[in-house]
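Enquirer: Just passing along the structure, written as structure tokens.
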Amino acid sequence: MKDEFLSAFIFHLLVKMDEPITQISLRPRHPDWIRVRAPIGEKYTHLKGLVRGLQLHTVCESARCPNIGECWGAGTATIMILGDVCTRACRFCAVTTGNPRGIVDREEPARVAQAVAELALQYVVITSVDRDDVADGGATIFAETIRQIKTKSPRARVEVLTGDFRGARASVETVLAAQPDVFGHNIETVRRLTPDVRDRHAGYDQSLAVLRIAKAIAPQQRTKSSILVGLGETPDEVIATMRDLRAVNVDLLAIGQYLQPTKQKRNLPLAEYIAPEQFARYRDEGMKLGFQYVASGPLVRSSYRAWEAAVAMLNDK
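Following numbering that gives the first Met the number 0 from start to finish, the sequence shown increments by one per residue and tops out at 316.
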């Protein structure tokens, strides 16, 4: 009887010991090339204090961007307007989902312009949560923010990263009327994965349409998009997406590694880490396809070091 009990106990123990080993082995191993610098330094502290003092939001914090230490340490940030509650629930994102009930802070553009002026930024990226609860999707606030920045900081270049405005041409026109230096909208992932990765109100073709509309309205407007990889796509699918973006004359492209922002069920688990060599191949392929600039690497995000690409290109005008 003792032998049977001991055998059963040992079997149970071995099964329990095996469970976490099996679970751990299924997770992609953290590679050496994914290294994030801790957020420290005088500029980081100053920028953080200024953002808090002016009651602003940054996508750096809200989306838990891995580059916050590097960018804030360099005195740059991507400012997120229209609040910090998104009406959509994309599964790659950590921003809070909810219903802002149509509330819009009309004083926000002035505060953003003040922050840009106080930081003496020469290049600023403005993005937002999706605001399906507002008639124009927040386009008016985008436009006013651009104008206020250019009034207070005439030498500053302004890049915007907008939502899809549900494909509304009028909203895209409103933003472009304020003359941003770069108009960005992210396609995020390949066609096949879009229904699983993005909110049901978003769409692959709808995103392409927004970028197409922008070029139709202002043919000289620089446009930009971004793809996250490591979600289960194939290289051929990434290249097909790049071709689709070039078909609507997108100028700038960013390709970066998806990193699960939280362990909540709403966020998709990481499928795989993409090797730096593959990112280099994507960059080379993108340049062959005719993009004017391709930023492709593990920690690249749509607004990461945006000024390096855009300023170089804008200076060539």
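Just so it is clear, CB atoms sit at the ideal spot from N, CA and C, and this is done for glycine as well. In this text the structure is predicted, and so the values were computed from the model without any measurement.
#1: Among D31, L160 and Y122, which has the Cα closest to the Cα of L81?
#2: According to DSSP, L53 sits in a beta bridge with which residue or residues?
#3: Could you have a look at A176 and say whether DSSP puts it in helix, strand or coil?
#4: Express the C-alpha separation of A119 and C138 in angstroms, rounding to a whole number.
#5: Under 8 Å, with one C-beta from each stretch per pair, do the region 219-233 and the region 169-183 reach the 3-pair mark?
#6: Return the chain-ordered list of same chain residues with a C-beta closer than 7 Å to the C-beta of G289, the five sequence neighbours on each side being excluded.
#7: For T96, name the three-state secondary structure that DSSP assigns.
#8: How long is the line joining the alpha carbons of I273 and T96, rounded to whole angstroms?
#9: How big is the Cα-Cα spacing for L252 and V293?
#10: Using only alpha-carbon positions, find the residue among C89, Q54 and T77 that is nearest to Q263.
#11: Would you mind giving the Cβ-Cβ distance between S206 and S301, rounded to the nearest angstrom? I have them listed as a contact below 8 Å.
#12: Skipping 5 residues on each side, what residues in its chain have a beta carbon closer than 6 Å to that of W32?
#13: Using only alpha-carbon positions, find the residue among D204, L175, V115 and P27 that is nearest to V247.
#14: Near V157, what residues of its chain come up, given a Cβ to Cβ distance below 7 Å and the 5 sequence neighbours on each side ignored?
#15: Please state if the CB of P27 and the CB of L269 are separated by a distance shorter than 7 Å.
#16: What does DSSP give as the partner residues of T261 in its beta bridges?
#17: Please report the distance separating the alpha-carbon of A239 from that of D283.
#18: Whose C-beta lies closer than 7 Å to the C-beta of Y257 among residues of the same chain, with five residues either side of it excluded?
#19: Does DSSP put D204 in a helix, a strand or coil?
#20: Can you name, in chain order, every residue of its own chain whose Cβ lies under 8 Å from the Cβ of A151, other than the five neighbours on each side?
#21: From the DSSP output, in three-state form, read off A239 for me.
#22: Does the beta-carbon distance from L210 to V174 come in below 7 Å?
#23: Going along the chain, which residues of its own chain have a beta-carbon closer than 8 Å to the beta-carbon of D135, five neighbours each way excluded?
#24: On a CA-only basis, which of T77, R110 and V128 is nearest S101? Give me that one, please.
#25: Within a Cβ cutoff of 7 Å, which residues of the same chain sit near A213, ignoring the five residues on either side of it in sequence?
#26: For V317 versus E232, is the C-beta spacing smaller than 7 Å?
Expert: From the atom records:
#1: L160
#2: None; L53 has no bridge partner.
#3: helix
#4: Sequence check: residue 138 is Ala here, not Cys. Their Cα atoms are separated by approximately 25 Å.
#5: yes
#6: Same-chain partners within the cutoff: R245.
#7: strand
#8: 29 Å
#9: 5 Å
#10: C89
#11: The Cβ separation is near 13 Å, so there is no contact.
#12: P275 and P297
#13: Taking the Cα of V247 as reference, the smallest distance to any Cα among D204, L175, V115 and P27 is reached at D204.
#14: Closer than 7 Å at the Cβ level, and outside the excluded window around V157, lie V123, I125, I145, I148, K149, P179 and D180.
#15: yes
#16: None; T261 has no bridge partner.
#17: Between A239 and D283, the C-alpha separation is close to 14 Å.
#18: F91, L227, V228, G229, L230 and L269
#19: helix
#20: Note that residue 151 is Lys in the sequence shown, not Ala. The answer, listed in chain order, is A112, Q113, V115 and A116.
#21: helix
#22: no
#23: F164, A167, A169, S170 and T173
#24: Per the sequence shown, residue 101 should be read as Gly rather than Ser. Checked all of T77, R110 and V128; the closest Cα to G101 is V128.
#25: Contacts found: V171, L175, F182, Q220 and T222.
#26: Because the chain spans 0 through 316 in this model, residue 317 falls outside it and cannot be assessed.
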